[in-house]
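**Q** Numbered according to my numbering, the sequence shown spans residues -15 to 435. C-beta atoms are modelled at their ideal positions from N, C-alpha and C, and glycine is treated no differently. Quick caveat, the model's predicted, so the values are computed rather than measured. I'd like to ask some things about the structure below.
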Amino acid sequence: MRRRFGTIVSRIFWLHLVAIGAAALAMTAGIYLLLNAALAGFERHALSEHAAAIADALRADPAGARMALSPQLREMYAEGYGGYAFAVVGSDGKALFSSVPGGGALFAADPRRGGPSYFQRPRGPNAFFGASYAERVGGRPVWIQVRQSLENPDVFVDDVVFQFLHQIGWLIAATVALLLAADIFIVQRALAPVREASERAEAIDPARIDVRLPTEALPSEVEPLVVAMNRALDRLEAGFRAQREFTADAAHELRTPLAILRLRADTLADQDAARMIRADVERMGRLVDQLLVITEMETFALSSTDKVDLREIGLEVSSFMAPLAIAAAKYLELDVGEAPVWIRGQGEALVRALRNLVENAIAHTPAGGAVVIAVDADGSVAVSDQGVGVAEHERELIFQRFWRRDRRRAGSTGLGLSIVRRIAELNGASVTVDNRLPSGACFKLWFARAE
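Here it is, written out as structure tokens:
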């Protein structure tokens, strides 16, 4: 679930990164276009002012028109300051006045419109931006053409655009970085409740189906999913509870008829039949007891103060199981040392787990063999037998409920080792199995030492 959660966050991050990048590019392009439009407006305004100054210098004359430029304008156009030039063109297309060498028109293809016309034309190695304005002098139409060389150092439009974009580029990069940082922060804050819900969901297992996912501060898009999951967990918990109650009730109800069967077997005249019935009743009673143990474990909770001496557990179990080993013509050996071995765990549950291991070892040890219980100072207890051992591929199967290697063998319910593993898990311990030389298996319970 964490991997999927990380994938969602990474997708959101990259989608936001693409969106911010696209917005930054669009903003840059928009600024460039707006700046170009504004500077083009400035250029046109400058040309219109030059044309207005030239129009003011035109005078009507009986011969046609004359030009009365001020000394400043005459000097500017004569020296070519700013790359400016002008021409006054008549309706026949010929230049009446011109500042360019040769006295020609600036734009031969002037459309002679009533309003201003603008041009950007190459001329030789240079490029020019110009305009043509219609005027009337002495009642006759003329067109005032003005232009500016775009290669002139005084033309700062392109330089301004380049410098502006260069500077604003750093500003946009910094803004994008800040937006990404803010975006990451916002996404993490927004998805923090989802992360908390996913972490709590990992704690849900068959032993902890009472856990529910938090719904506080969840995004509105996620909340219905979490609510639906909590309702599904409610239904699962109700089903598990009903199953446990049924198992417990059935086990309790079976105890009475089993006790009656045991009493009636004792009254039978046929002792062979009575012995067989008593054996069957014992097997059924053991199965009932194990079902009750499984039911009890579902409500087991280890306290932080629970601790027990593992050496005492070994002594108690060996005393209890010794008669069973003697009756089966087998030996029970005990190695527990002299010093207490304090571990974290609940005493009654650990006694039951160790009893199951010893009983399993006695069942698989041949007559005349020995079962050894060994308590170590590191907080472990081992139960070894002299049976056939456990194959590598069976070392997980043997801890599953109702699994049996040989279902024809009487006396086995397939629950003993699954109970051992469950008790170990509930007490914060683990159980392992290895084979012995020359034969046999060794089951070992590892506990956390108590301070």
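Going by Cα to Cα distance, which pick from Val121, Ala36, Ile128, Thr159 is closest to Ala7?
**A** Along the sequence shown, read from residue 1 onward, the residue named residue 7 stands at position 23. Of the listed residues, the one whose Cα sits closest to Ala7 is Thr159.
**Q** Provide the residue span of the beta strand (DSSP E) that contains Gly353, from first to last.
**A** For the purposes of this step, residue 353 is taken as residue 369 along the sequence shown, with counting starting at 1. Taken as a continuous stretch (DSSP letters only), Gly353 belongs to no beta strand (DSSP E), as it is neither H nor E.
**Q** For a quick check, are the C-beta atoms of Ala115 and Leu1 less than 8 Å apart?
**A** If you number the sequence shown from 1, residue 115 lands on position 131. If you number the sequence shown from 1, residue 1 lands on position 17. Contact: no.
**Q** Would you check if there are 3 or more beta carbon pairs closer than 8 Å linking the segment 413 to 429 to the segment 360 to 376?
**A** These segments touch.
**Q** Taking all protein chains shown into account, do 16 or more other C-beta atoms lie within 10 angstroms of the C-beta of Pro177, making it buried, or fewer, making it exposed?
**A** The sequence position of residue 177 within the sequence shown is 193, counting from 1. Buried is the call here.
**Q** If we ignore side chains and look at the alpha-carbon of each, how far apart do Pro125 and Ser75 end up?
**A** Translated into the one-based positions of the sequence shown, residue 125 becomes position 141. Translated into the one-based positions of the sequence shown, residue 75 becomes position 91. Rounded to whole angstroms, Pro125 to Ser75 spans 6 Å at the Cα level.
**Q** By the 10 Å Cβ neighbour count, where 16 or more other Cβ atoms means buried, how is Lys78 classified, buried or exposed?
**A** Taking the first residue of the sequence shown as 1, we reach residue 78 at position 94. Lys78 should be labelled exposed.
**Q** Identify, in the order they occur along the chain, each residue of the same chain with its Cβ nearer than 6 Å to the Cβ of Pro319, setting aside the five sequence neighbours on each side.
**A** Taking the first residue of the sequence shown as position 1, residue 319 is located at position 335. The identity of residue 319 in the sequence shown is Asp, whereas the question assumes Pro. Cβ neighbours of Asp319 beyond the five flanking positions: Ala358.
**Q** My output table needs one value for Pro125: the three-state DSSP class, helix, strand or coil.
**A** Residue numbering aside, residue 125 sits at position 141 when the sequence shown is read from its first letter. In the structure shown, Pro125 sits in a strand (DSSP, three-state: E or B).
**Q** Just to confirm before moving on: does the CB-CB distance between Gly373 and Ser423 stay below 8 Å?
**A** Position 389 of the sequence shown, counting from 1, holds the residue named residue 373. Position 439 of the sequence shown, counting from 1, holds the residue named residue 423. It is a contact, given that the beta carbons lie within the stated cut-off.
**Q** Within 10 angstroms of its Cβ, does Val210 collect 16 or more other Cβ (buried), or is it exposed?
**A** The sequence position of residue 210 within the sequence shown is 226, counting from 1. It is buried - the Cβ of Val210 has at least 16 other Cβ atoms within 10 Å.
**Q** Taking the alpha carbon of Gly48 as the reference point, which residue from Val195, Met268, Arg120 has its own alpha carbon closest?
**A** Numbered from 1 along the sequence shown, position 64 holds the residue referred to as residue 48. Checked all of Val195, Met268, Arg120; the closest Cα to Gly48 is Arg120.
**Q** Grab me the residues of Phe70's own chain with a C-beta within less than 6 Å of its C-beta, minus the 5 sequence neighbours each way, in chain order.
**A** As a working note, residue 70 is residue 86 in the sequence shown. Cβ neighbours of Phe70 beyond the five flanking positions: Ile38, Ser83, Val130.
**Q** Starting from Asn419, trace the beta strand (DSSP E) in both directions and tell me its first and last residue.
**A** Your numbering for residue 419 matches position 435 in the sequence shown. Counting along the chain, the beta strand (DSSP E) containing Asn419 begins and ends at 414 to 419.
**Q** Return the chain-ordered list of same chain residues with a C-beta closer than 6 Å to the C-beta of Val72, the five sequence neighbours on each side being excluded.
**A** Taking the first residue of the sequence shown as position 1, residue 72 is located at position 88. Only Leu80, Phe81, Val126, Ile128 meet the Cβ criterion.
**Q** Ala161 to Val206, Cα distance in whole Å?
**A** Walking along the sequence shown from the start, residue 161 turns up at place 177. Walking along the sequence shown from the start, residue 206 turns up at place 222. One C-alpha to the other measures close to 29 Å.
**Q** Can Glu300 and Val335 be called in contact, C-beta distance under 8 Å?
**A** To locate residue 300, count along the sequence shown from 1; it is residue 316. To locate residue 335, count along the sequence shown from 1; it is residue 351. Closer than 8 Å, so yes.
**Q** Give the DSSP-derived three-state secondary structure of Val359 in the structure shown.
**A** Position 375 of the sequence shown, counted from the first residue, corresponds to residue 359. Reduced to three states, the DSSP call for Val359 is strand.
**Q** With DSSP as the reference, label Gly298 as helix, strand or coil.
**A** Stepping through the sequence shown from its first residue, residue 298 is reached at position 314. Here Gly298 sits in helix by DSSP.
**Q** How big is the Cα-Cα spacing for Arg215 and Ala333?
**A** Taking the first residue of the sequence shown as position 1, residue 215 is located at position 231. Taking the first residue of the sequence shown as position 1, residue 333 is located at position 349. Straight-line Cα distance between these residues: approximately 33 Å.
**Q** Would you mind giving the Cβ-Cβ distance between Glu409 and Ala354, rounded to the nearest angstrom? I have them listed as a contact below 8 Å.
**A** What you label residue 409 is simply residue 425 of the sequence shown in a count that begins at 1. What you label residue 354 is simply residue 370 of the sequence shown in a count that begins at 1. About 29 Å separates the two Cβ atoms, so there is no contact after all.
**Q** Just the Cα atoms here: how many angstroms apart are Lys291 and Thr416?
**A** If you number the sequence shown from 1, residue 291 lands on position 307. If you number the sequence shown from 1, residue 416 lands on position 432. Rounded to whole angstroms, Lys291 to Thr416 spans 22 Å at the Cα level.
**Q** Pull up the distance between the alpha-carbon of Asp218 and that of Leu245, whole angstroms please.
**A** Taking the sequence shown and counting its residues from 1, one reaches residue 218 at position 234. Taking the sequence shown and counting its residues from 1, one reaches residue 245 at position 261. The alpha-carbon atoms of Asp218 and Leu245 are separated by roughly 41 Å.
**Q** Relative to the C-alpha of Phe26, which candidate in Ala226, Gln132, Ala309 has its C-alpha closest?
**A** Residue numbering aside, residue 26 sits at position 42 when the sequence shown is read from its first letter. Closest option to Phe26, Cα to Cα, is Gln132.
**Q** So what's Glu322 in DSSP terms, helix, strand or just coil?
**A** Taking the first residue of the sequence shown as position 1, residue 322 is located at position 338. In the structure shown, Glu322 sits in coil (DSSP, three-state: anything other than H, G, I, E or B).
**Q** Hey, out of Ala249, His348, Tyr16, Ala3, whose CA is closest to Asp167's CA?
**A** Within the sequence shown, residue 167 is the residue found at index 183, counting from 1. For the residues Ala249, His348, Tyr16, Ala3, the minimum Cα distance to Asp167 belongs to Ala3.
**Q** What's the C-alpha gap between Glu266 and Asp273?
**A** Along the sequence shown, one-based indexing puts residue 266 at 282. Along the sequence shown, one-based indexing puts residue 273 at 289. Each residue's alpha carbon lies about 10 Å from the other.
**Q** Rounded to whole angstroms, what's the CA-CA distance from Asn340 to Ser204? Just pull it up for me.
**A** By one-based count along the sequence shown, residue 340 stands at place 356. By one-based count along the sequence shown, residue 204 stands at place 220. Each residue's Cα considered, the two are about 52 Å apart.
**Q** Using a Cβ-Cβ cut-off of 6 Å (strictly less than) and excluding sequence neighbours within five positions of Asp418, which residues of its own chain qualify?
**A** The residue you call residue 418 lines up with position 434 of the sequence shown. So the list reads Cys426, once near-sequence residues are dropped.
**Q** Would you please state the rounded distance, in angstroms, between the beta carbons of Ile297 and Leu252? I believe it to be under 8 Å.
**A** In the sequence shown, counting from the first residue as 1, residue 297 sits at position 313. In the sequence shown, counting from the first residue as 1, residue 252 sits at position 268. Actually they are not in contact, since the Cβ atoms of Ile297 and Leu252 sit about 40 Å apart, beyond 8 Å.
**Q** Where Ala111 and Leu134 are concerned, what is the direct C-alpha to C-alpha distance, given to the nearest angstrom?
**A** Along the sequence shown, one-based indexing puts residue 111 at 127. Along the sequence shown, one-based indexing puts residue 134 at 150. Distance between the alpha carbons of Ala111 and Leu134 is about 6 Å.
**Q** So for Trp387, helix, strand or coil by DSSP?
**A** One-based indexing of the sequence shown puts residue 387 at position 403. Three-state DSSP puts Trp387 in coil, outside helix and strand.
**Q** Could you round the C-beta distance between Ala44 and Gly122 to whole angstroms and report it? I think they count as a contact, below 8 Å.
**A** As a working note, residue 44 is residue 60 in the sequence shown. As a working note, residue 122 is residue 138 in the sequence shown. Correct: roughly 3 Å between the Cβ atoms.
**Q** Does Ser303 pass the burial test, meaning 16 or more other C-beta atoms within 10 Å, or should it be called exposed?
**A** The residue you call residue 303 lines up with position 319 of the sequence shown. Burial call: exposed.
**Q** Could you give the first and the last residue of the continuous beta strand (DSSP E) run that contains Gly48?
**A** Translated into positions along the sequence shown, residue 48 becomes position 64. Here the beta strand (DSSP E) through Gly48 covers 48 to 51.
**Q** Could you tell me which uninterrupted alpha helix (DSSP H) segments, each at least 4 residues in length, are contained entirely in the segment 29 to 98, listed from first to last along the chain?
**A** The segment 29 to 98 contains these whole alpha helix (DSSP H) runs: 55 to 63.
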